[in-house]
Amino acid sequence: MSEETHSVAEKVVEKSRAHIVWTMTGLILIFTYAYPRLLVAFFGVESPWTSYFYKYGFGAVFFFTGVYIVLRNKSCILGRGRDTFWFKWLILGFIAYASVHALWILAALHLPFYGD
Amino acid sequence: MEEIAEEVVAFGINLPGPAVFVIAGVAIVYFTIILGFGSYFARFSRNINDFFFSGQRFAWWLVAASMVATGIGSHSYIKYAQQGYETGMSSSMPYLNNWFLVAYFVFGWLPIIYFGRIRSIPQYFERRFNRVARYLAVFILLSYMFFYIGLSFYTIGVAIEGLFGIPHLYSVPILALVLGTYVTFGGQTAVIFTDLLQGVMLYTAGAICLVAGLWALGGFGEFWGWMPPNHRLPFVRLLEDPGYNAAGLYWGEALAGSIMFTFLNQGWIMRFLACRSVHEGRKAAFFNFFVTLPISAVVVGAVGWIAKSIIEKQAGIGGALEGLDPIHIENSAHTFVVAAWEILRQNPWVFGFVIAALTAALMSTIDTLINASAAVSIYDIYRPMRERFRPNTPDRHYLKAARWASVTATLIGVALVVWFVKQEATIMAMHYRGIMLIVPPLVTTLFLGCFWRRFNAVGAIVALGVGVLFTYLTTAAPYVMRPLVWLVIGVDAEFYPVGTGWEDARIGGAINPLLNIYMPALYGMLITGVAGVAGTHFSLSRVYPPIIHGLARGIRAVPLKATDMLATFMVESLHKKKDITGLTVDTINEGMARFKGGTPNHEVGKKARHLPVEFDERLPFKQVSASPAVMERLKAKEGDMVFVEDARWYLGGLRSVHTHAAKPHDLGRDVVLMSKETFEDAMFLEDRPVTLEKFF
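From first to last, the protein sequence lines are chains A and B. Following the numbering used here, the numbering of the first sequence begins with 610 at its first residue and continues without gaps. Following the numbering used here, the numbering of the second sequence begins with 98 at its first residue and continues without gaps.
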């Protein structure tokens, strides 16, 4: 009886996992299709912000998927040893890179050019 | 390729006779120092582990510093200065693309290879999947590394020919002799220390050019003010240039290229394995992503940026800058040499130093690759074969074999130069073609292996086979990538109207770099991933075992020993349960426990410094005993892993040993007890104190 229940429970879990995977795949496909088109429609194909958000938009999906994977699989356990320290650096690094690139674009566009 | 040779031969500067001798003299002195430096550190390679991985003992800063020279590729100065001149500071994009991967690397791949004691990428493939997957990986990896060694030798030959008029025929064998000597006899320790020196040289040379350029322009404000706004931007436009655009760079460079470099570059992996712990490896990785790569981006691109700014200023003020001849760049491939010669005010001594540093970049790429390909040859081909027929072969035999493997890799690289000379393509095109065709199947299979536990040997073999086949297919039929390009970029008539010269991207033409350079990487990764997932699910389905049994019966119908072995292997593999503990992201904690041989102690302690050593022959090899006070400071318990190193921090772990903590002694003073054998293994010196650090 208990073995049967266990097997049924396993099947239910597997089925729900499969649903999650298919839903996520669908969402990623929709995002991949819509996101660059929205950026171009909003900023225009020549704007540096289009490149910026293209890179950091798709990059964020990839980056935070990695963060989710390492947390979910307990490869990084917050509060254990030095894991929290490295986790903070991980997130800080993403924010730092994104911020520096944004400031760089602002400086490039708004500081005066001496030529024609 | 003749086109490249002509470009470099005609660098566009006229070196006076005495200047040639000065530059050549500086370069020769440099090579001699490097040779001596590498040979000196050969004495620290005691066994096969030291030869390739330096005994996993180095401090993070030493490893991070030595990675500078590895990170700056064989033709970076020429390539990025050219890109910097043409598109400005967006030349930094490939160097500043890597953060998206850091979580996967520092919490995934790094602990997997470290705790799993993985020695090479193919070894991981065998332990994670099976021998067939391993040999597929060996074949792909070695092809890539030999290709790269040959290309790097060729590039260095082109540069020397361009500057001094010495043909490849003479320059390449001499350079190969110098490189081969210190890699062959020194191994990884020599590579790390020579790359450390070369990294310092590279940064110094880059800083000299940067400061001299800013000085010539009149300061940073002038540099920035005269740089056209489009050239100041950190990114190129999304789609404007098919050869260098933000969309292609994201998929091709930031994902495929960066994964390849971070996860699959044997030389890079070996640097991390030379670290004393995963914690030190993480420090080296973060330092590299945060500091080294941004600085490298500036070092290799700055001359191009400064050249653009100087030329704009020349036009603005109507003549040459004070103290400089006017700079004219007719061919942007010559940007580095032309601009450096002028901004260094045609000083042959300083220019000679810069050229030696440029050569250092080329050499450091080659020495890392030679050592890495030797590691793969020994660990993945020779050792498994030898152990099958002659088990328990002594370590010194493999050390000798490793040296022969280094010699062989060097010779193959030199031989390939003959082939490269005959090619009709640019260095850039050959470089990208190598990455694009070889990397995607390996990258994806490795990623699935690390991060998806159910991914199995059948899935891996299907992924590698299908991935290689379909990635190569893109060279003959690039239009197969069109739906993918449409999806991720939205390439259509609006972006690539007829008459702009980019129509090929829109209709899937055969020669457009958007398709040829970047998209095959994404296409190959996607196809490999789909094939791997499908193969895994198929192998787990009910129909799979009867199919394999049927196939095995069919194969056995051919009465050969080989077919019988193959059929047996197929049937046996159906029932084999693989132990993949520590080889996937969800089993890293078990891998850590196995590495230690006990439950990890995660409590964070402090280092105990400057402790004298005394011998106690009752202690087993690689066990040390410290006082209770020291153990408390370390937060260590009996059985924990304790690293003991010479107290002089600047040695970076050159004299050190991994040990386990024994029961604390009760001598009443802070001394460290160990056996003489442990002391000698660590290469400690008499009367020199040591520092202790508990790992876990």
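Glycine included, C-beta positions come from ideal geometry on N, C-alpha and C. What you are looking at is a predicted structure, and each value in this text was computed from that prediction instead of being measured.
Grouping DSSP H, G and I as helix and E and B as strand, with all else coil, what is residue i?
i, result
"B:G606", "Note that B:G606 has pLDDT 39, beneath the 50 cutoff, so the model's placement of it is unreliable and the number below is only indicative. Correct three-state label for B:G606: coil."
"B:E783", "coil"
"B:H328", "helix"
"A:V617", "helix"
"B:H425", "coil"
"B:L789", "strand"
"B:V640", "coil"
"B:D797", "Not covered by the structure: residue 797 of chain B. The range shown for chain B is 98 to 793."
"A:F722", "coil"
"B:W549", "coil"
"A:S684", "coil"
"B:D601", "Residue placement at B:D601 cannot be trusted, given a pLDDT of 49 that sits under 50; what the coordinates show is reported in the next sentence. The answer is helix: DSSP assigns B:D601 an H, G or I state."
"B:A471", "helix"
"B:N362", "coil"
"B:N385", "helix"
"A:I637", "helix"
"B:T462", "helix"
"B:V333", "coil"
"A:V654", "coil"
"B:T633", "helix"
"B:Y267", "helix"
"B:Q443", "coil"
"B:V655", "coil"
"B:Y341", "coil"
"B:L293", "helix"
"B:I169", "coil"
"A:G690", "coil"
"B:A417", "coil"
"B:T278", "helix"
"B:T301", "helix"
"B:T52", "Any question about residue 52 of chain B goes unanswered here, given that chain B covers just 98 to 793."
Since residue i sits in a beta bridge, which residues does DSSP pair it with?
i, result
"B:L770", "B:E711, B:S722"
"B:C372", "B:F155"
"B:T756", "B:V739"
Locate the alpha helix (DSSP H) running through residue i, then write down its first and last residues.
i, result
"B:P761", "That residue, B:P761, is in no alpha helix (DSSP H); it is neither H nor E in DSSP."
"A:F671", "657 to 681"
"B:L570", "554 to 573"
"B:E183", "173 to 184"
"B:Q411", "390 to 414"
"B:I478", "Unbroken run through B:I478: none, as it is neither H nor E."
"B:P580", "579 to 586"
"B:R691", "685 to 693"
"B:H319", "The question names His, yet the displayed sequence has Glu at residue 319 of chain B. It spans 317 to 323 - the alpha helix (DSSP H) in which B:E319 sits, taken as one unbroken run."
"B:A437", "432 to 440"
Requested in this report: Scan the segment 187 to 254 of chain B and note each continuous alpha helix (DSSP H) run of 4 residues or more that stays entirely inside, going in chain order.
Outcome: 207 to 212, 218 to 225
Query raised in the report: Should the segment 693 to 711 of chain B be called in touch with the segment 220 to 235 of chain B, which here means at least 3 C-beta pairs below 8 Å?
Result: no
Requested in this report: Please go through the segment 697 to 753 of chain B and give each complete alpha helix (DSSP H) segment of 4 or more residues, from N-terminal end onward.
Outcome: 725 to 731
Query raised in the report: Are there three or more Cβ pairs, one per stretch, closer than 8 Å when the segment 438 to 458 of chain B is compared with the segment 208 to 223 of chain B?
Result: no
Query raised in the report: Any contact of the segment 452 to 463 of chain B with the segment 295 to 304 of chain B, i.e. 3+ C-beta pairs under 8 Å?
Result: yes
Query - alpha helix (DSSP H) segments (min. 4 residues) lying fully within the segment 482 to 538 of chain B - result: 492 to 518
**Report entry** Given 8 Å, three or more beta-carbon pairs between the segment 340 to 354 of chain B and the segment 616 to 624 of chain B
**Finding:** yes
Query raised in the report: Are three or more beta carbon pairs between the segment 174 to 188 of chain B and the segment 756 to 774 of chain B nearer than 8 Å?
Result: no
**Report entry** Touching by the beta-carbon criterion (3+ pairs, under 8 Å), the segment 568 to 582 of chain B and the segment 647 to 665 of chain B
**Finding:** no
Query raised in the report: Contact between the segment 567 to 576 of chain B and the segment 241 to 251 of chain B: three or more CB pairs below 8 Å?
Result: no
**Report entry** Any 3 or more C-beta pairs closer than 8 Å across the segment 465 to 483 of chain B and the segment 358 to 373 of chain B
**Finding:** yes
Query raised in the report: With contact counted as at least three CB pairs below 8 Å, one residue from each stretch, are the segment 532 to 540 of chain B and the segment 497 to 504 of chain B in contact?
Result: no
Query raised in the report: Do the segment 406 to 414 of chain B and the segment 368 to 383 of chain B meet, that is, are 3 or more Cβ pairs less than 8 Å apart?
Result: no
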